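The working numbering applies: residue 2 is where the sequence shown begins, and numbers increase by one.
Here a beta-carbon is modelled for each residue, glycine too, at the ideal position from N, C-alpha and C.
Predicted, not measured: the structure shown is a model, and the values here were computed from it.
Presented below is the structure to which this report refers.
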Amino acid sequence: MESPEEQQTLIHEVRNKRVISQKKGQPTTTRIARYLKPIADNSNPPVPIPTGTPLLFEIFPHDILDWPTKVIFKGWNSPQSKWQQWVESLAEKHGSVWNQTGILDAIMGSVYEVQFNSDLLLGLAEFWCPETNTFVFPWGEAGLTLEDVAILGGLPVVGEGVGVSVSEELVGIVEEMERQREKILKRRAKKAAHYEWIKRFMEEEGGSEFEHAGFLSLWLSRFVFPSVTGEVIGRHVFPIAAALSKGKPVAIAPAVLGNLYKDLRELKEKAMDSATICVSAPFQLLQLWAFEHFPLISPTPISLHPGEPRIARWNKLNLEINQPLVRSALQLAENFKWRPYAADLEN
């Protein structure tokens with residue numbers, strides 16, 4: 002267990018806690034538990050839910066089939082045709098580095114495809130409260146947390162912030178990514194598109210010393226920090242890719258969660274006033290969160306094979322549902338699973 006001095010610098014607190022078995026007749030045990038800070042003080046009364054601004058659920062007619070605003074989810078990207086081949090190839094060389102930086106599950110999970118369902122996402126957005134960054138349902142509050150992003154997205158919670166400082170060790174990698182991006186921009190495509198990037202680093206530069214950083218740049222741009230301008234490689238990911246390629250942990254999960262909060266706020270604030278809203282956060286995570294927590298509006302999951310990330314449970318599963326059904330299901334307290342990750346899974 003960490004010393005008191007070490008605990009002051011950690012984002013979690015360590016305690017000895019009694020654990021009650023879910024199986025009847027099994028004795029309780031005591032084990033070390035870790036809690037993300039800040040930890041609520043149970044002696045204080047709960048913070049009241051803001052009541053000044055109505056939720057979209059309270060504004061929209063409950064029987065409408067479509068939102069009055071067109072929403073474009075720019076951050077919803079599926080794996081490219083050669084992506085799995087590239088992942089498997091580099092996993093043999095750099096899997097230990099991915100594990101060291103906490104991105105192994107996220108990268109291995111990027112080969113799976115979650116079927117897009119706008120009715121489910123927009124139905125959830127109708128209950129979003131920007132003041133608390135939670136969904137306020139008739140039966141209580143719930144929301145996407147760092148735990149969800151870490152488990153469902155496989156993204157690291159700890160490490161340097163995403164505003165990575167470009168040290169002397171990293172500057173050469175970042176400069177090479179910039180040079181390659183400029184070369185692509187000078188082609189007829191005139192933009193550093195994802196398909197151009199995979200062609201450049203997997204086919205033309207495969208096996209080079211910069212292939213790993215190029216791979217991570219594409220992964221970050223396509224699946225972690227997508228751009229609202231579409232499938233292009235953003236320069237903002239180069240320092241992060243360089244750091245990860247050198248085995249330096251980066252706390253990606255908090256930034257991704259913040260982007261989801263920001264885009265949900267934008268949906269809430271612009272749904273009544275804009276003809277079109279473009280959001281770029283990886284909303285696959287929100288749909289996975291809904292699948293895990295609301296069984297009534299989820300497809301039947303696939304059994305996991307040993308070693309597979311949790312996203313594999315939902316690979317290519319279709320869901321036939323409409324917004325009125327989503328609204329009805331979200332209002333049922335008995336349809337919500339508070340601790341889906343504590344349940345036993347078949348594998």
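Within 10 angstroms of its Cβ, does W220 collect 16 or more other Cβ (buried), or is it exposed?
Result: buried.
Straight-line CA distance for P55 to H95?
Answer to the nearest angstrom: the Cα atoms are 49 Å apart.
What's the gap between the Cα of F117 and the Cα of S299?
The straight-line gap from Cα to Cα measures roughly 12 Å.
Is it true that the CB of P296 sits closer than 8 Å to the CB of W315?
No. Outside cutoff.
Measure from the alpha carbon of W290 to the alpha carbon of each residue in K75, I174, F136, S275, then state which is nearest.
Minimum Cα distance to W290 is reached at F136.
Helix, strand or coil for N260, going by three-state DSSP, please let me know.
Here N260 sits in helix by DSSP.
Indicate the three-state DSSP secondary structure (helix, strand or coil) for N134 in the structure shown.
Three-state DSSP puts N134 in coil, outside helix and strand.
Can we say the stretch 56-73 touches the stretch 173-180, given the rule of at least three CB pairs closer than 8 Å?
As far as the Cβ criterion goes, the stretch 56-73 does not touch the stretch 173-180, which means the pair count is below three.
For the beta strand (DSSP E) that E14 lies in, which residues bound it at each end?
Per DSSP, E14 belongs to the beta strand (DSSP E) from 13-20.
What three-state label does DSSP hand W77 in the structure shown?
In the structure shown, W77 sits in coil (DSSP, three-state: anything other than H, G, I, E or B).
Tell me whether S102 is buried or exposed, calling it buried when 16 or more other Cβ atoms sit within 10 Å of its Cβ.
Per the sequence presented here, residue 102 reads as Thr, with Ser not at that position. When all chains shown are included, T102 counts as buried.
Using DSSP with H/G/I as helix, E/B as strand and the rest coil, what is R311?
In this structure, R311 counts as helix in the three-state DSSP scheme.
In angstroms, rounded to a whole number, what distance separates the CA positions of E148 and K38?
Between E148 and K38, the C-alpha separation is close to 12 Å.
Report the partner residues of T30 according to the DSSP bridge assignment.
DSSP lists V20 as partners of T30.
So V280 is in the beta strand (DSSP E); what residue range does that whole segment cover?
Segment 277-280, the beta strand (DSSP E) holding V280.
Below 8 Å on the Cβ atoms is my contact criterion, and I expect L217 with L186 to pass it. Report the Cβ-Cβ distance as a whole number of Å.
Contact flag wrong, Cβ pair sits at about 20 Å.
Determine the closest residue to T230 out of Q181, S281, I253, with distance taken between C-alpha atoms.
Considering only alpha carbons, the answer is S281.
Do the CB positions of K71 and A272 come within less than 8 Å of each other?
Going by C-beta atoms, K71 is not nearer than 8 Å to A272.
Confirm, please, whether the CB-CB distance from D120 to V327 is below 8 Å.
It is a contact, given that the beta carbons lie within the stated cut-off.
Report the CB separation of A126 from L265 in whole angstroms; it is logged as a contact under 8 Å.
That belief holds up - the Cβ atoms of A126 and L265 are roughly 6 Å apart, short of 8 Å.
Is I65 buried or exposed, if buried means 16 or more other CB atoms sit within 10 Å of its CB?
It is exposed - the Cβ of I65 has fewer than 16 other Cβ atoms within 10 Å.
Using C-beta distances below 7 Å, list every residue in its chain close to K317, excluding the 5 sequence neighbours before and after it, in chain order.
Only E114, Q116 meet the Cβ criterion.
How is K71 classed by DSSP in three states: helix, strand or coil?
Residue state, collapsed to three classes: strand.
Pull up the distance between the alpha-carbon of P131 and that of G259, whole angstroms please.
If you take the alpha carbons of P131 and G259, they lie about 12 Å apart.
Is DSSP giving E142 helix, strand or coil here?
Looking at E142 - three-state DSSP - the assignment turns out to be strand.
Between the alpha carbons of W77 and T30, how many angstroms are there, rounded?
Approximately 42 Å, taken between the alpha carbons.
Could you tell me the boundaries of the alpha helix (DSSP H) in which W339 lies?
Looking at the DSSP string, W339 is not in any alpha helix (DSSP H), and its letter there is neither H nor E.
What's the C-alpha gap between N17 and I40?
Cα to Cα, N17 sits roughly 15 Å from I40.
Where V88 and W99 are concerned, what is the direct C-alpha to C-alpha distance, given to the nearest angstrom?
Answer to the nearest angstrom: the Cα atoms are 11 Å apart.
What residue from I73, I108, P62 has the CA that sits closest to R311's CA?
The option with the nearest alpha carbon to R311 is I108.
Among the residues of its own chain, which have a CB less than 7 Å from the CB of E267, if the five just before and after it don't count?
Hits under 7 Å: I278, V280.
Grouping DSSP H, G and I as helix and E and B as strand, with all else coil, what is R188?
DSSP places R188 in coil when its eight states are reduced to three.
Tell me which residues share the same chain as A256 and place their Cβ nearer than 6 Å to its Cβ, disregarding the 5 neighbours each side in the sequence.
For A256, where only same-chain residues beyond five positions count, the Cβ hits under 6 Å are V163.
Could you work out which residue in V225, F292, V15 is closest to W339 when comparing CA atoms only?
The candidate whose alpha carbon is nearest that of W339 is F292.
Output the boundary residues of the alpha helix (DSSP H) element that contains P325.
Residues 324-331.
Between which residues of its own chain and L123 is the CB-CB distance below 7 Å, once the five residues before and five after are set aside?
Only W68, V72, Q324 meet the Cβ criterion.
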